[in-house]
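Encoded as structure tokens, the structure appears first; notes follow it.
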Amino acid sequence: AQSVTQLGSHVSVSEGALVLLRCNYSSSVPPYLFWYVQYPNQGLQLLLKYTSAATLVKGINGFEAEFKKSETSFHLTKPSAHMSDAAEYFCAVSDAINTGTASKLTFGTGTRLQVTL
Amino acid sequence: NAGVTQTPKFRVLKTGQSMTLLCAQDMNHEYMYWYRQDPGMGLRLIHYSVGEGTTAKGEVPDGYNVSRLKKQNFLLGLESAAPSQTSVYFCASRQSGTGAREEQYFGPGTRLTVT
């Protein structure tokens with residue numbers, strides 16, 4: 021079974037500061053990992069994904085994440101926060117690596133990012 | 389492309405009433421999913437479908453039924469609503485292509501309140 025743990029349900033940073041959102045996973049198969057962002061009253065939008073190619077993955081809006089197998093982590097970072105980054109962020113792990121299967125995502129409980137002036 | 393759309397956006401039900409949530413996607417995706425989102429619990433999978441005419445249970449299927457009569461539509465039904473079903477419901481779809489590496493595309497959500 022797969023699981024995801026997001027440390028910190030709320031994170032507050034100043035505009036211009038480093039953003040670090042933590043995600044640790046547990047998976048019985050080599051994982052595919054995703055970060056999604058949810059702006060207020062909207063659906064989820066993919067930020068980036070790890071699919072066993074490069075361990076450092078770059079996404080939209082200046083975000084990136086590094087897959088570390090030894091630490092079972094996939095933390096999300098951004099060098100300089102912007103007010104528009106305020107949102108909720110979800111880490112998710114896929115339960116399958118085979119094609120032709122309806123892989124299901126297991127989501128973490130989310131981290132709400134607040135950006136202050 | 390409209391992507392994934394959901395109808396309605398908001399709904400208030402009384403306990404025991406029934407309703408159907410409609411999800412439609414115009415991306416020709418094979419797989420479709422229904423999730424519920426509750427504070428502090430992330431998204432939990434209710435039911436999913438791997439193609440027209442097929443459905444399967446997810447993590448929290450009790451109290452819900454689904455149907456996939458057309459490839460582009462995935463319906464979620466509540467036969468007898470309960471206050472515990474107050475939640476935000478999201479539909480998602482994914483192409484079958486290269487399997488689990490493909491992202492899911494989400495609709496804007498339906499906010500349901502059961503009183």
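Going line by line, the protein sequences match chains A and B.
Counting from 21, one number per residue, gives the positions in the first sequence under the numbering used here.
Counting from 389, one number per residue, gives the positions in the second sequence under the numbering used here.
Note that beta-carbon positions come from the ideal geometry of N, C-alpha and C, so glycine has one too.
In this text the structure is predicted, and so the values were computed from the model without any measurement.
Item	Value
Establish whether the CB of Thr129(A) and some CB of chain B are separated by less than 7 Å.	yes
Roughly how many angstroms separate the alpha carbons of Ser496(B) and Asp105(A), rounded to a whole number?	Going by the sequence as given, residue 496(B) is Pro instead of Ser. Taking the straight line from one Cα to the other gives about 19 Å.
I'd like to know if the region 393-412 of chain B and the region 436-444 of chain B are in contact, where contact means that at least 3 CB-CB pairs between them fall below 8 Å.	no
The ligand PLP and Ser468(B): does the residue's C-beta get closer than 6 Å to at least one heavy atom of that ligand?	Inclusion of the ligand PLP in the displayed structure is not the case, the ligand content being empty and no account of it being possible.
Do Gly430(B) and Gly63(A) count as a contact pair if the criterion is CB distance below 7 Å?	no
Using only CA atoms, which one of Lys124(A), Thr71(A), Ala112(A), Ala101(A) lies nearest to Lys134(A)?	Sequence inspection shows Gln at residue 134(A); the Lys mentioned does not correspond to that position. Answer by Cα proximity: Ala101(A).
Give me whichever residues DSSP pairs with Thr503(B) in a beta bridge.	Partner(s): none; Thr503(B) has no beta bridge.
Tell me, please, which residues DSSP counts as bridged to Leu96(A).	Leu41(A), Ala85(A)
Give every residue of the same chain whose Cβ lies closer than 7 Å to the Cβ of Thr126(A), excluding the five residues on either side of it in the sequence, and list them in chain order.	Gln22, Ser23, Val24, Ala112, Val113, Asp115
Can you list the residues of chain B that Gln62(A) reaches, using a CB-CB cut of under 7 Å?	Pro496
For the beta strand (DSSP E) holding Thr126(A), just list the boundary residues, first then last.	125-127
Which first and last residues belong to the beta strand (DSSP E) in which Gly36(A) is found?	First-last for Gly36(A): undefined, no H or E at that position.
For Leu466(B) and Met407(B), which I take to be in contact (beta-carbon distance under 8 Å), what is that distance rounded to the nearest angstrom?	6 Å
Using Cβ-Cβ distances below 7 Å, what residues of the region 414-430 of chain B are close to chain A?	Tyr419, Gly428, Met429, Gly430
Which two residues bound the contiguous beta strand (DSSP E) that contains Val77(A)?	76-78
Between Gly79(A) and Leu68(A), which are expected to be in contact by the criterion C-beta below 8 Å, what is the C-beta distance as a whole number of angstroms?	3 Å
Buried or exposed for Ser123(A), please, with buried defined as at least 16 other CB atoms from any protein chain shown within 10 angstroms of its CB.	buried
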